[in-house]
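Note that this note's numbering has the sequence shown beginning at 1, numbered continuously upward.
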Amino acid sequence: MFWQSSQWLWLLAALAIPLLIHLLRRNATREITFAAVHWLQRERQHKKRLLLREKWLLLLRMLLLALLAILLAGPLLQRDNQASEKMLLVDPRIERAELETFLGENPRFASVLWLLPDPLPISESRPQAPDLWRTLSSLADAGEFRRAHILLRHAQNPSGHGALAVSPHWRWHALENGSKEESSPLPRLTLLGQSPTWLEAVLQQLQNTVAPQLELQKLAAAGLASASEQDWLLYDTAGELPAALQQFIRDGGLLITDQRVQPAGGIQFVEIAGDEPLQAAALGRGSWLRYGRDWHNADFFHRPELPEKLWQQWFAQDWALQARGRGLWSIDAPPGIAIADAEVHRFRLMPIEQWLLLAFVLLLALERTVALARPAVGSDGHD
1 MFWQSSQWLW
11 LLAALAIPLL
21 IHLLRRNATR
31 EITFAAVHWL
41 QRERQHKKRL
51 LLREKWLLLL
61 RMLLLALLAI
71 LLAGPLLQRD
81 NQASEKMLLV
91 DPRIERAELE
101 TFLGENPRFA
111 SVLWLLPDPL
121 PISESRPQAP
131 DLWRTLSSLA
141 DAGEFRRAHI
151 LLRHAQNPSG
161 HGALAVSPHW
171 RWHALENGSK
181 EESSPLPRLT
191 LLGQSPTWLE
201 AVLQQLQNTV
211 APQLELQKLA
221 AAGLASASEQ
231 DWLLYDTAGE
241 LPAALQQFIR
251 DGGLLITDQR
261 VQPAGGIQFV
271 EIAGDEPLQA
281 AALGRGSWLR
291 YGRDWHNADF
301 FHRPELPEKL
311 WQQWFAQDWA
321 LQARGRGLWS
331 IDAPPGIAIA
341 DAEVHRFRLM
351 PIEQWLLLAF
361 VLLLALERTV
371 ALARPAVGSD
381 GHD
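Have a look at this one:
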């Protein structure tokens, strides 16, 4: 037996209260008056019945207190997780009509569940689609889902990558083959302020080599910067960093400046090793890349390898873009970390509060019935 809140078990000590009251009442003397000796035998029999009824009440009340303490402690029963090869976990992106068509063609499944961190029966309404990578990783070591079939909408899942945890026994299905996304997504490059003298040449070189479709957007004011609209923001205005650009970084953008832009609000930089003085700071979900000298200086841009160096440095700091650029996994050969059989959780803990609550209600009703059935004690001492 396991407990969610074992500290409530101290309430079991309260079982001594009704027992103590019962013992004190039993030792108390009672004066009984009667008119004739022939009533003596009848009085003794009546007293025995009352004593038996009091013992039943004592037992019921002690059981009620014990159940209350156990309910508050949250008992959990250990249940064996039986892996089923006839279980299907369904991607919630799949429409119900499409699912019915698939099940009509594949009728062998005994149980069909929505693919969620805590899978629900397919009879439930179609839930909002979760992050499939995190969902599958959370189910990989659960014994009951160890040999399940996985039905996805697309054979290539854009939310998965090398950190995916999988069961080697899963069988994969897909409704559509899908189209594999670009493995290296192109960043949205934006300039705020004046253009550095080297930028036009670098941009042209990148368009001729690694990024033919790369374009440069220009912003008129810092307040227009948005991480949902821009990936990389070049800021070329000396002075303290505006608050709007701090928010741009927090929201997941990459800010690129030289040393003339000064940090505000206690932003901490770390030095990046290399031939170029370079600093980086993490802020929220994004980062700030700050070159350690004035990039208008001729020593900065008079370098033939400058475009390639800048492209690598910027990519290295854009975490969100790196995640989107990782390779995709397919149903034919899902990559990731295969969870070994020895690492699987063979048991799971099941709450039993509902059954205990039902037992508590029934015991309470029985206790009230016995208590109300006792005859009232008259003022003369007779029951």
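Quick reminder that beta carbons are idealized off the backbone N, C-alpha and C, glycines included. Quick caveat: nothing in here was measured; it's all calculated off a predicted structure.
Per-residue burial, residue i [other beta carbons within 10 Å of its own, 16 or more giving buried]
i    : result
H345 : exposed
I70  : buried
V270 : exposed
A227 : buried
A365 : exposed
A142 : buried
N106 : exposed
A371 : exposed
R108 : exposed
L75  : Residue identity differs from the one stated: residue 75 is Pro in this sequence, not Leu. Label assigned to P75: buried.
E144 : buried
K180 : Confidence at K180 is low in this model, with a pLDDT of 46, below 50, so its placement is unreliable and the value that follows should be read with caution. Exposed, because fewer than 16 other Cβ atoms sit within 10 Å of the Cβ of K180.
P121 : exposed
R146 : buried
Q317 : buried
T135 : buried
A140 : buried
N297 : exposed
Separation of residue j from residue i, as counted between CA atoms
i    : j    : result
D131 : R93  : 11 Å
D251 : V261 : 20 Å
L152 : L241 : 46 Å
L206 : G223 : 28 Å
W319 : A225 : 18 Å
H38  : W56  : Because H38 carries a pLDDT of 49, less than 50, the predicted location of this residue cannot be relied on, and the following value inherits that uncertainty. Distance between the alpha carbons of H38 and W56 is about 29 Å.
P263 : W133 : 36 Å
F102 : T237 : 59 Å
S137 : L164 : 6 Å
F248 : L113 : 40 Å
P335 : L89  : 19 Å
W329 : W172 : 12 Å
E176 : E98  : 11 Å
L363 : P351 : 20 Å
E229 : P212 : 20 Å
A243 : Q128 : 35 Å
A201 : R303 : 11 Å
Q217 : S287 : 20 Å
N208 : Q82  : 58 Å
Q354 : R96  : 32 Å
E182 : Q259 : The predicted position of E182 is uncertain, since its pLDDT is 46 and thus under 50; a value taken from the coordinates is nonetheless stated next. Each residue's alpha carbon lies about 34 Å from the other.
L40  : A13  : In this predicted model, L40 has a pLDDT of only 49, less than 50, meaning its place in the structure is not dependable; the value taken from the coordinates is given anyway. Rounded to the nearest angstrom, the two C-alpha atoms are 40 Å apart.
P168 : G104 : 26 Å
T369 : K86  : 50 Å
I331 : D91  : 13 Å
Distance CB(residue i)-CB(residue j) smaller than 8 Å
i    : j    : result
L67  : L358 : no
P187 : W295 : no
L395 : T257 : In the structure as shown, the chain starts at 1 and stops at 383, and residue 395 therefore has no counterpart that could be examined.
A342 : V166 : no
A384 : A148 : Residue 384 is absent from the structure shown; the chain starts at 1 and stops at 383.
G253 : D231 : yes
F315 : L321 : yes
L255 : L233 : yes
Q246 : G266 : no
I272 : A280 : yes
L115 : I150 : yes
S84  : S123 : no
E367 : R61  : yes
R293 : F301 : no
Y235 : L192 : yes
Element boundaries [alpha helix (DSSP H), containing residue i]
i    : result
Q246 : 243–250
Q207 : 199–208
L363 : 353–372
R153 : Premise fails: R153 lies in the beta strand (DSSP E), 149–154, not in any alpha helix (DSSP H).
T237 : Unbroken run through T237: none, as it is neither H nor E.
E98  : 96–105
R134 : 132–139
E176 : Per DSSP, E176 belongs to no alpha helix (DSSP H); it is in the beta strand (DSSP E), 171–176.
L189 : Unbroken run through L189 is the beta strand (DSSP E), 189–193; no alpha helix (DSSP H).
Start and end residues, beta strand (DSSP E) containing residue i
i    : result
A282 : 278–283
G286 : 286–291
V90  : 87–90
E271 : 270–272
W295 : Segment: none, W295 is in no beta strand (DSSP E) and carries neither H nor E.
Q217 : 216–219
L254 : 254–257
L224 : Here L224 belongs to no beta strand (DSSP E), and DSSP marks it neither H nor E.
Contact belief for residue i with residue j at Cβ below 8 Å, rounded distance in angstroms
i    : j    : result
Y291 : L283 : 17 Å between Cβ atoms; not a contact.
L64  : F360 : 7 Å
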